[in-house]
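One structure is given here, and the rest of the page talks about it.
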Amino acid sequence: MEIFNKYRVVVLTAGQGLRLGNKTKNFNKCLLKVGNKAVISYTIDSFPKEVEFVIALGYRGSLVKQYLEIVYPERKFIFVDVDKFKGPGSGPGYSLLSCQSYLQCPFYFVSCDAIVFYWQYLLRLRHGWSGYCEIDENRKDEYCTIKFDEDDEIIEYFNKTNNGTKWAFTGVAYIKEYKEFWNNLKKENISIENELQVAPAILKIRSAPAVEIEWVDTGNEEGLQLAKLCYNNGIQNLDKEDEEIYFLDDYVIKYFCNESIVNERLIRTKYLNNIVPQIIDSKKNFYKYEFINGKDLFGINNLDEIFLLFLNTVKSHFWNFYDKIELNEIQKIIFKDACKHFYYDKTISRLNKLYEKVNIIDQQNVINGKNIPLIKDIFELIDWEWLCSGFPSRFHGDLALGNIIHTDKKEFKFIDWRQDFSGLIEYGDIYYDFAKLYASLLWSRNSIKDDKFFIKEKNNKIDVNIEISESFINCLKIFDNWLIENNFSLRKTKILSHIVLLNMSPLHENPLDRHLFYYAKWLLYKELERGV
């Protein structure tokens with residue numbers, strides 16, 4: 205096979221990414237988002253389109269393969285399944301040996317969690333090289349470090365020890381003398397913590413001198429956050445444990461850990477016609493559509509100036525007030541059960557998940573100076589029969605401000621629609637759309653990103669707050685009046701919006717999960733206290 209410029213690129217993605225803790229529960233570490241794209245994309249995008257990549261797959265390997273195929277349909281990837289990616293005998297050395305038959309040529313070795321700057325310079329080097337970077341002296345035991353002479357020849361390496369140097373091998377190298385490398389790898393057979401290592405075999409190649417590179421190791425929390433600071437111009441969204449959104453080459457790629465969500469969203473597009481973007485490609489856990497030029501409503505200055513126009517626009521697109529969906533008696537029962545499942549059962553399930561996750565006990569609290577009962581007791585104050593008597597309508601399902609785009613043509617476009625309403629696909633409860641919209645005004649992504657929220661916990665006394673801009677306060681007033689004028693229940697909308705916030709709490713990481721829980725609990729009890 206003809207190989208572009210006589211080399212390939214190998215990226216090992218088989219490892220579990222244990223240094224990142226819960227962040228890799230539903231992700232391979234190379235798919236964690238930095239800026240607008242996954243970490244691995246920084247490597248892929250640095251090489252000419254003709255270059256072939258050898259990708260070693262292991263932990264969450266199917267997700268890595270899906271991502272690369274849907275993002276880079278024109279690229280050539282050789283995927284290699286690694287049968288042993290955890291436990292004794294596994295490790296980068298074992299993964300690389302699994303790829304040996306595809307690397308009988310010069311190749312670039314790039315760790316999947318590495319982001320390397322200035323690849324243009326490195327690709328111009330005709331000789332082999334081993335990339336190093338200066339690290340903090342206190343972190344020598346975390347990396348394989350090297351010692352080199354005045355000619356940059358590596359004369360000694362140290363395997364994760366305090367006796368090492370401040371020059372860390374970055375896990376990035378150009379292996380020009382590949383035959384020598386393969387001989388070294390088999391001969392060295394060095395393991396650290398029962399994992400077969402690659403670095404000693406690379407660093408023993410005499411024709412691969414040390415080259416200093418600019419590099420970020422995203423395989424640990426500190427490095428990941430540093431990388432995000434370097435690329436903080438990405439489109440803003442809050443981190444979630446089981447989904448992600450990427451933006452590459454004028455396309456949007458959505459990922460869901462639960463593949464049934466992708467399948468059901470594809471089905472729902474048939475009922476939403478041209479209201480939502482057309483899906484142009486999909487995999488089990490991903491789908492792709494064209495990027496819509498514009499700003500989401502969180503990014504609109506003085507949103508209150510166009511908010512009434514937006515409400516009337518969405519009314520004509522989703523909320524068929526004057527063409528209410530008529531249900532037969534059986535459908536009415538099913539619909540009411542769906543509302544109960546969505547509003548009560550799902551909330552209880554989500555709260556149990558939160559209690560387990562962050563060790564919160566359902567108890568009485570003093571929140572913002574007010575005595576707040578147990579969630580269990582608060583829920584007994586809710587008329588669930590009334591709350592679950594929904595209004596069947598065409599619906600979006602996740603009508604938060606971040607999912608509404610105000611385009612360059614001054615139109616409103618809707619993204620990230622929900623896949624179903626408790627199993628129903630053709631219609632749902634209009635109040636759920638109201639509640640999602642209301643909740644996003646109460647708990648603004650802008651305030652979260654700008655660190656304009658607050659939580660303090662001490663002896664079961666909680667102070668919790670979040671800044672709501674003057675524009676958003678005006679939007680809430682406009683929405684209140686609009687609901688009343690259109691003969692909808694403002695009280696039901698508010699109660700559901702607080703329940704929505706409770707539901708959201710376990711989906712975020714600390715401290716947002718705790719903030720959301722106490723903030724929503726406080727809001728819900730205050731609203732219920734007011735009475736009808």
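Numbering (the numbering used here), first residue to last: 205 to 736.
Just so it is clear, CB atoms sit at the ideal spot from N, CA and C, and this is done for glycine as well.
Name the two residues that bound the continuous alpha helix (DSSP H) containing residue i.
i: N685; result: 674-689
i: N556; result: 550-562
i: H521; result: 511-521
i: W726; result: 716-734
i: G297; result: 296-302
i: G427; result: 425-434
i: F502; result: Careful: F502 lies outside any alpha helix (DSSP H) and carries neither H nor E.
i: E589; result: 588-591
i: A542; result: 533-544
i: T247; result: 243-248
i: Y636; result: 634-646
i: D581; result: 579-584
i: H600; result: Here H600 belongs to no alpha helix (DSSP H), and DSSP marks it neither H nor E.
Using only CA atoms, which one of the options lies nearest to residue i?
i: D355; options: T369, E416, I282; result: E416
i: D549; options: R330, Y276, W588; result: W588
i: K656; options: N663, K662, S648; result: S648
i: Y211; options: S294, Q308, P277, Q304; result: Q308
i: Y740; options: A403, N607, T422; result: Here the chain has residues from 205 to 736 only, and residue 740 is not among them.
i: V213; options: K227, P310, P715, P710; result: P310
i: K557; options: I359, R718, N575, D637; result: R718
i: T517; options: C434, K617, S294, A643; result: K617
i: H331; options: F502, I409, G375; result: I409
i: L680; options: I358, L329, L641, E630; result: L641
i: Q220; options: E256, R328, K290; result: K290
i: K288; options: P277, E278, R279, L300; result: L300
i: A318; options: K432, S266, Y298, Y306; result: K432
i: I537; options: L628, R328, E674, F583; result: L628
i: F539; options: L513, E630, I582, L585; result: E630
i: Y635; options: N607, S597, Y306; result: S597
i: L706; options: N691, K696, A724, N690; result: A724
i: D453; options: V275, E671, N685; result: V275
i: F251; options: L327, Q304, A218; result: L327
i: K458; options: D485, N478, Y475, I479; result: D485
i: L476; options: T611, N387, F599, V314; result: F599
i: W590; options: Y547, N497, R264, F460; result: Y547
i: F694; options: S651, S673, F638; result: Going by the sequence as given, residue 694 is Leu instead of Phe. Closest option to L694, Cα to Cα, is F638.
i: F522; options: T217, I552, G503, V480; result: V480
i: E381; options: I406, V402, N363, N226; result: I406
My guess is that residue i and residue j are in contact by the Cβ rule of under 8 Å, so how many angstroms apart are they, rounded?
i: S302; j: A412; result: So it is not a contact: roughly 22 Å between Cβ atoms.
i: F595; j: D633; result: 6 Å
i: L728; j: H712; result: Not really, about 18 Å apart at Cβ, beyond 8 Å.
i: I659; j: V668; result: 5 Å
i: C316; j: V215; result: 5 Å
i: R554; j: P404; result: In fact, because the Cβ distance is near 48 Å, the residues do not count as touching under 8 Å.
i: V420; j: V376; result: Actually they are not in contact, since the Cβ atoms of V420 and V376 sit about 11 Å apart, beyond 8 Å.
i: E731; j: K698; result: 5 Å
i: V238; j: Y435; result: 5 Å
i: Y312; j: Y378; result: 5 Å
i: V562; j: I666; result: Rounded, the Cβ-Cβ distance is 13 Å, inconsistent with contact.
i: D684; j: I609; result: 24 Å between Cβ atoms; not a contact.
i: K253; j: R223; result: That pair is no contact at about 32 Å.
The beta strand (DSSP E) spanning residue i covers which residue range?
i: R212; result: 212-216
i: I458; result: One detail in the question is off: residue 458 reads as Lys in this sequence, not Ile. Looking at the DSSP string, the run of the beta strand (DSSP E) that includes K458 is 455-460.
i: D667; result: 665-670
i: N569; result: 569-571
i: Y475; result: Segment 463-476 is the alpha helix (DSSP H) holding Y475; no beta strand (DSSP E) there.
i: L236; result: Note, L236: premise wrong, no beta strand (DSSP E); not H, not E.
i: E447; result: 447-452
i: F261; result: Here residue 261 turns out to be Leu, not Phe, going by the sequence shown. Residues 256-261.
i: S486; result: 483-486
i: H610; result: 608-611
If you measure from the CB of residue i, is any heavy atom of the ligand FAD nearer than 6 Å?
i: R649; result: The ligand content of the structure shown is nil, which means the ligand FAD is not present either.
- Between the stretch 467-484 and the stretch 613-628, do three or more beta carbon pairs fall short of 8 Å? By the Cβ rule, the stretch 467-484 counts as touching the stretch 613-628, because three or more pairs are nearer than 8 Å.
Three or more beta-carbon pairs under 8 Å between the stretch 265-285 and the stretch 482-492, yes or no? Proximity of the stretch 265-285 to the stretch 482-492 meets the contact definition, three or more beta-carbon pairs being nearer than 8 Å.
Three or more C-beta pairs below 8 Å linking the stretch 371-384 and the stretch 339-351 | Between the stretch 371-384 and the stretch 339-351, the count of C-beta pairs closer than 8 Å reaches three or more; the two stretches touch.
TODO: Count the C-beta pairs between the stretch 278-291 and the stretch 249-260 that are closer than 8 Å, then say yes if the count reaches three, no if not.
DONE: Touching, yes.
Touching by the beta-carbon criterion (3+ pairs, under 8 Å), the stretch 559-569 and the stretch 592-606: Below 8 Å, too few C-beta pairs join the stretch 559-569 and the stretch 592-606 to call them touching: fewer than three.
In chain order, what are the residue ranges of uninterrupted alpha helix (DSSP H) at least 4 long that sit wholly in the stretch 271-334? If only uninterrupted alpha helix (DSSP H) runs of at least 4 residues are considered, those enclosed by the stretch 271-334 are 296-302, 323-328.
Identify every run of the alpha helix (DSSP H) within the stretch 330-418, keeping only runs that are complete inside it and at least 4 residues long; order them along the chain. Taking only runs of at least 4 residues, the alpha helix (DSSP H) segments lying wholly in the stretch 330-418 are 382-392, 403-407.
Self-check item: Meets three-Cβ-pair contact criterion under 8 Å: the stretch 229-240 and the stretch 441-456
Solution: The stretch 229-240 vs the stretch 441-456: in contact.
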